[in-house]
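First the structure, in the form of structure tokens, and then the observations on it.
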Amino acid sequence: MMDVIRRSHLRRAAWAARDDGRKLSDMRTHATSRKVIIVEGKTDKSRILKVLREEVDVVCTQGTLSYEQVENDIVPLQHDEVYILVDADAAGNRLRKQLKRELPNAIDLYTRKSYREVARTPLEHLAKILADAHFEIDEQWLQVRPPRRERVPKTVHG
Numbered sequence: 015m016m017d018v019i020r021r022s023h024l025r026r027a028a029w030a031a032r033d034d035g036r037k038l039s040d041m042r043t044h045a046t047s048r049k050v051i052i053v054e055g056k057t058d059k060s061r062i063l064k065v066l067r068e069e070v071d072v073v074c075t076q077g078t079l080s081y082e083q084v085e086n087d088i089v090p091l092q093h094d095e096v097y098i099l100v101d102a103d104a105a106g107n108r109l110r111k112q113l114k115r116e117l118p119n120a121i122d123l124y125t126r127k128s129y130r131e132v133a134r135t136p137l138e139h140l141a142k143i144l145a146d147a148h149f150e151i152d153e154q155w156l157q158v159r160p161p162r163r164e165r166v167p168k169t170v171h172g
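Here this note's numbering is used: position 24 in the sequence shown is 38, and no number is missing along the way.
Right under this line is the structure:
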């Protein structure tokens with residue numbers, strides 16, 4: 015059904031472009047690409063915006079995607095640079111699969127399974143995830159911390 019949605023959206027865009035005397039391919043090449051990160055919730059969005067230094071659109075799905083949300087919010091992102099950062103749980107994996115069907119060129123970003131949620135991921139780790147994906151990060155989150163000292167067991171000499 016999602017393929018039908020995508021095709022009908024492109025058909026409408028092609029007809030609209032034809033009515034304006036433009037070609038659909040012209041619309042694609044002249045459209046400005048922007049960076050977009052898709053997350054599940056508001057807390058995820060606020061934490062990501064806290065570590066970023068550049069202008070990035072962050073789209074919240076609230077954990078699920080309705081038909082209207084796909085048509086209005088997701089399909090228009092097809093020609094943008096889209097990143098998906100959702101929770102490392104079953105619901106997040108379902109959402110990621112649904113988003114990848116609609117946006118096959120989207121880049122997957124992952125948090126550690128031990129954190130489970132983007133909202134519980136430490137800001138330093140979020141900064142590293144985004145920096146590795148070539149986002150501009152606020153320097154305070156990229157400071158190198160000294161390594162933890164390992165406890166050396168005392169040996170008993172006898």
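Glycine residues also receive a C-beta, built at the ideal position from the N, C-alpha and C atoms. None of these values were measured; they are calculated from a predicted model.
Nearest to residue i by CA position, among the options, is which residue?
i	options	result
residue 99	124, 155, 139	124
residue 111	77, 95, 60	77
residue 147	97, 135, 128	97
residue 133	69, 70, 101	101
Might you give, ordered along the chain, the residues of its own chain that have their beta carbon closer than 7 Å to the beta carbon of residue i, omitting 5 neighbours on each side?
i	result
residue 156	141, 145
residue 59	53, 72, 74
residue 120	96, 97, 98, 113, 114
Express the C-alpha separation of residue j and residue i in angstroms, rounding to a whole number.
i	j	result
residue 118	residue 90	13 Å
residue 126	residue 67	23 Å
residue 154	residue 114	32 Å
residue 149	residue 80	29 Å
residue 152	residue 138	10 Å
residue 85	residue 92	11 Å
residue 72	residue 61	11 Å
residue 143	residue 82	30 Å
residue 87	residue 131	23 Å
residue 70	residue 63	8 Å
residue 116	residue 122	13 Å
Whose C-beta lies closer than 6 Å to the C-beta of residue i among residues of the same chain, with five residues either side of it excluded?
i	result
residue 94	47, 48, 50
residue 109	100
residue 135	125, 129
Keeping to the same chain, check which residues put their C-beta closer than 8 Å to that of residue i; ignore five residues upstream and five downstream.
i	result
residue 65	137, 140, 141, 144, 151, 152, 155
Do the region 52 to 66 and the region 104 to 121 touch if we need at least three Cβ pairs shorter than 8 Å?
yes
Hey, which unbroken runs of the alpha helix (DSSP H) at 4 residues or more fall wholly within the region 47 to 88?
56 to 65
Complete beta strand (DSSP E) runs within the region 93 to 128 (minimum length 3 residues, chain order):
95 to 99, 121 to 123
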